[in-house]
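Note that numbering that gives the first Met the number 0 has the sequence shown beginning at 0, numbered continuously upward.
Heads up, the thing below is written out as structure tokens.
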Amino acid sequence: MVDRTPAVTFGEDQEISKPTTVYIWDMDETLILLKSLLDGTYAGVFNGMKDTKKGFEIGKHWENHILRVCDEFFFYEVIENYNEPYLDALSEYDDGRDLSNYDFSNDGFSSPYDDANKRKLAYRHRSIAEKYSQGLHKVLDQQMIKLWNDLYSLTDSYTGGWLSSAHALLEQTLAKTKPSASDHSSEMTPRSIITKDQSINVLVTSGSLVPSLAKCLLYRLDDVISANNVYSSWEVGKLQCFSWIKERFGSPNVRFCVIGDGTEECAAAETMRWPFIKIDIRPASPYRFPGLTMEMVQSYIDVIYGPQDSKDEKMKG
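In structure tokens:
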């Protein structure tokens, strides 16, 4: 696949006295729990203290919500077999047409996957990005919102605060320059993506793109991870995604840190020479949620890049 990720450049007038940190997160069994609820792995590590059946039921409810959002709002029944690694992958085919009255159900999108159909898929990607930026409260009815909120609370309680703790850490990564609502647009300029002393959350998941975006919305990650920062490694692999991210954000003042639970992201991080933090669901581990802290994350970054305080002193000198 041809890399169409726009490179991020820095203007000569931009201050680079402090680095930007790009945090690259895995999703499943890192920021959220789903597979381990369904197969009983999560309950199993608690040696009988967790109700395995309850965990399975919670997982099934999440699956139903994810499929509903995908099918009803993200065109998934039509585009399921046309996975792309990120929403802007087909931007060159998008002519910018006004989609406010566009009839997606009758535009003839189908195989072969030629330029005309790639343009129709690009339209759908743009529509998905717009819905993502608006949030699910704009599209779900009140009954569905209540079911969703109740499920989130039940899951967070069952997992000892895993979801809320993960979200809190993502908020901390953005604490110094919390993005505004307008920053969640898929049309970010390079300057709006990186500014002085700003951190960025990027998601690289082995799942396909559209369900992963639905998960971000349902698990309330959309305010800390923008749609254009979600990558699917389903076909291309995590190393390729990491390479795109390095090209997109790479600069002498940018540092990277990978957080996940799998061997693929560990190997890819090692190849890129980036710090890797392995998430462990076992209750005694500090590398889980709750447990993982910014201080712990920073210690891994400092091992690879050196303590930032000492670098600041050298620059002042």
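Virtual Cβ for every residue (Gly too), placed ideally from N, Cα, C.
If you're wondering where the values come from, they're calculated on a predicted model, not measured in any experiment.
Under 9 Å between C-beta atoms of Ser242 and Pro84: Judged by beta-carbon spacing, Pro84 lies beyond the 9 Å limit of Ser242, meaning their Cβ atoms are not closer than that value.
Under the three-state DSSP convention, the category Asn100 falls into: Residue state, collapsed to three classes: coil.
For Phe72 and Ile303, the rounded distance between their alpha carbons: Their Cα atoms are separated by approximately 42 Å.
Proximity winner among Thr51, Lys145, Val44, Trp273, relative to Tyr22 (alpha-carbon distances): Looking at the Cα atoms, Trp273 is the closest of the given residues.
Exposure of Gln320, with buried meaning 16 or more beta-carbon neighbours within 10 Å: The requested residue 320 is not part of the displayed model; the chain covers only 0 to 316.
Closer than 8 Å: Gly261 CB and nearest the ligand MG heavy atom: Absence of the ligand MG from the depicted structure is noted, as is the absence of any ligand whatsoever, leaving it without description.
With 16 other Cβ atoms within 10 Å as the buried cut-off, status of Gly259: With 16 or more other Cβ atoms from the protein chains shown falling within 10 Å of its own Cβ, Gly259 counts as buried.
Cβ pair count under 8 Å reaching 3, the stretch 196-204 against the stretch 219-235: The stretch 196-204 is in contact with the stretch 219-235.
Residue environment, Arg125, which counts as buried when at least 16 other CB atoms sit within 10 Å: So Arg125 ends up on the buried side.
Classification of Asp103 by the beta-carbon crowding that lies within 10 angstroms, buried from 16 upward: Looking at the sequence provided, one finds Phe at residue 103 rather than Asp. Phe103 should be labelled exposed.
Nonlocal neighbours in the same chain, by C-beta distance under 8 Å from Asn82, ignoring five residues either side: When the five nearest sequence neighbours on each side are left out, the beta carbons in the same chain lying within less than 8 Å of the beta carbon of Asn82 are those of Ser207, Leu208, Val209, Ser231, Trp233, Glu234, in order along the chain.
Assumed close pair Met253, Thr19 - CB separation to whole angstroms, cut-off 8 Å: The sequence given here has Val at residue 253, not Met. About 5 Å; that satisfies the 8 Å criterion.
Sub-9 Å separation of Leu150 and Trp61 beta-carbons: Yes, they are a contact pair.
Coil, strand or helix - Ser179 by DSSP: A caution first: Ser179 carries a pLDDT of 42, below 50, which makes its placement in the model unreliable, though a value can still be read off. Coil.
Spatial distance of Ile300 from Phe255 (CA atoms): Roughly 8 Å between the two C-alpha positions.
Length of the line joining the Cα atoms of Gln297 and Asp27: Annotation: Gln297 to Asp27 spans about 22 Å, alpha carbon to alpha carbon.
Buried/exposed call for Ile144, threshold 16 Cβ in 10 Å: The Cβ neighbour count for Ile144, taken over all protein chains shown within 10 Å, is under 16; the residue is labelled exposed.
Per-residue burial, Lys49 [other beta carbons within 10 Å of its own, 16 or more giving buried]: Here Lys49 is buried: its Cβ has 16 or more other Cβ atoms, across all protein chains shown, within 10 Å.
Val44 to Asn116 span [Cα, whole Å]: Their backbone Cα atoms lie some 47 Å apart in a straight line.
Counted within 10 angstroms of its Cβ, other Cβ atoms place Phe58 as buried (16 or more) or exposed: Sequence check: residue 58 is Gly here, not Phe. Counting Cβ neighbours within 10 Å, Gly58 comes out buried, since at least 16 surround it.
Cβ separation of Ala213 and Val77, assumed to be a contact under 8 Å, to the nearest whole Å: Val77 and Ala213 do not touch by the CB rule: their CB atoms are close to 15 Å apart, not below 8 Å.
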